[in-house]
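Engineer: Going by the working numbering, the sequence shown wraps up at 250, each residue one higher than the last. Each residue gets a CB set at the ideal place from its N, CA and C atoms; glycine is no exception. Note that the structure is a prediction, hence the values are computed from the model and not measured.
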Amino acid sequence: MLRLLITQDLRQRFTGNVLGGLWAVLAPLLQLLVFAVVFVHIFKARVPGLDERGYIAFLALGMWPWFAFAEAVSRGASSLVDGAGLLGKVAVSTWQLVLARVIGAFIIHGVGFVAVLILLSVWRGGIHLEWLPVVLPGWIAMFVLALAVAQIVAICTVFARDTQQILGHLLTAWMFLTPILYAPSLVPPMFQAWMRINPMTDVIASIREPLLWGGEAVMWSWLPYVVAGVLLGLAWLVHRRFRPYVREFL
Numbered sequence: 001m002l003r004l005l006i007t008q009d010l011r012q013r014f015t016g017n018v019l020g021g022l023w024a025v026l027a028p029l030l031q032l033l034v035f036a037v038v039f040v041h042i043f044k045a046r047v048p049g050l051d052e053r054g055y056i057a058f059l060a061l062g063m064w065p066w067f068a069f070a071e072a073v074s075r076g077a078s079s080l081v082d083g084a085g086l087l088g089k090v091a092v093s094t095w096q097l098v099l100a101r102v103i104g105a106f107i108i109h110g111v112g113f114v115a116v117l118i119l120l121s122v123w124r125g126g127i128h129l130e131w132l133p134v135v136l137p138g139w140i141a142m143f144v145l146a147l148a149v150a151q152i153v154a155i156c157t158v159f160a161r162d163t164q165q166i167l168g169h170l171l172t173a174w175m176f177l178t179p180i181l182y183a184p185s186l187v188p189p190m191f192q193a194w195m196r197i198n199p200m201t202d203v204i205a206s207i208r209e210p211l212l213w214g215g216e217a218v219m220w221s222w223l224p225y226v227v228a229g230v231l232l233g234l235a236w237l238v239h240r241r242f243r244p245y246v247r248e249f250l
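Here it is as structure tokens:
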């Protein structure tokens, strides 16, 4: 059933599009291009130790994982409301319905991330692809975190439909409060505490730093895994508590 739900979600996303699945890569690329133009050429943003091209690579390697996380959370959060018709006809698990959308988002952006790595290697060089296996734990932690948040918010959305609009603003704020567009060393002291407890800080760093700087930048932190595990357990409890009422409210 899960495989069928994932296939259906991917098919529905691209049905009727002239470019089909290419939009999954083109849309984030266009967004990345906008950020690059604004921060590189207008704000003249830089990261210590990196030139202009290096900063664009820094931006791409941080933004693309965030795209995966944000889209997985956003689409997963709306999955129960969007799938109300299916839930009314088929005995499908609400947990699986959310999980399918989260997996679909990570499949799409995972492919896009590989494409970005290839482009950066050709255009800039110096990307340490030999350290690619080291970034996998970061992606796994991000997936579990996205799944947990999506599962909790999906239940909230069933009972309060404006949760989806609030989520969009929260994700935007979360992105700017995570060192994605800037180096952690540039964060003012008053925000250092938030940066340390923000699990996405270590997640993004564990994905970006080894590819950008090589082996000397490999870092490990238990915080993202602990937070993701706790939130996933909480999400499971929330689903068990409210699952009997989901179909009634939909």
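#1: Around the Cβ of residue 176, are there at least 16 other Cβ atoms within 10 angstroms (buried) or fewer (exposed)?
#2: What are the start and end residues of the alpha helix (DSSP H) that includes residue 123?
#3: Three or more beta-carbon pairs under 8 Å between the region 45-62 and the region 95-103, yes or no?
#4: I'd like to know if the region 101-120 and the region 69-79 are in contact, where contact means that at least 3 CB-CB pairs between them fall below 8 Å.
#5: In three-state terms, what does DSSP make of residue 29?
#6: Residue 167 to residue 10, Cα distance in whole Å?
#7: Measuring CA to CA, which of 243, 29, 245 and 114 is closest to residue 211?
#8: On the CB-based measure, 16 or more other CB atoms within 10 Å of its CB, does residue 202 come out buried or exposed?
#9: Kindly give me the distance between the Cβ atoms of residue 214 and residue 131, rounded to whole angstroms, as I take these residues to be in contact under 8 Å.
#10: Is it true that the CB of residue 68 sits closer than 9 Å to the CB of residue 110?
#11: Fully enclosed by the region 129-191, which alpha helix (DSSP H) runs are 4 residues long or longer?
#12: Look at the Cβ atom of residue 147, then the Cβ atom of residue 87, and state whether they are nearer than 9 Å.
#13: Do you know whose CA, among 39, 180 and 233, lies nearest residue 208's CA?
Structural biologist: The structure says:
#1: Here the question's residue 176 lines up with position 176 in the sequence shown. In summary, residue 176 is exposed, with fewer than 16 beta-carbon neighbours lying within 10 Å of its beta-carbon over all protein chains present.
#2: Here the question's residue 123 lines up with position 123 in the sequence shown. Residues 94-123.
#3: Counting C-beta pairs with one atom in each stretch, the region 45-62 and the region 95-103 have fewer than three that are closer than 8 Å, which means they do not touch.
#4: As far as the Cβ criterion goes, the region 101-120 touches the region 69-79, which means the pair count is three or higher.
#5: Taking the sequence shown and counting its residues from 1, the one referred to as residue 29 is at position 29. When DSSP states are grouped into helix, strand and coil, residue 29 belongs to the helix group.
#6: The residue labelled residue 167 in the question sits at position 167 within the sequence shown. The residue labelled residue 10 in the question sits at position 10 within the sequence shown. Here the alpha carbon of residue 167 sits roughly 22 Å from the alpha carbon of residue 10.
#7: Residue mapping note: residue 211 aligns to position 211 of the sequence shown, counting from 1. Closest by alpha carbon: 114.
#8: Translated into positions along the sequence shown, residue 202 becomes position 202. So residue 202 ends up on the buried side.
#9: Looking up residue 214 in the sequence shown gives position 214. Looking up residue 131 in the sequence shown gives position 131. So it is a contact: roughly 6 Å between Cβ atoms.
#10: Here the question's residue 110 lines up with position 110 in the sequence shown. Here the question's residue 68 lines up with position 68 in the sequence shown. In this structure, residue 110 lies near residue 68, with their beta-carbon atoms less than 9 Å apart.
#11: Taking only runs of at least 4 residues, the alpha helix (DSSP H) segments lying wholly in the region 129-191 are 136-159 and 163-176.
#12: In the sequence shown, counting from the first residue as 1, residue 147 sits at position 147. In the sequence shown, counting from the first residue as 1, residue 87 sits at position 87. In this structure, the beta-carbon distance from residue 147 to residue 87 does not fall below 9 Å.
#13: As a working mapping, residue 208 is identified with position 208 in the sequence shown. Among 39, 180 and 233, the Cα nearest to that of residue 208 belongs to 180.
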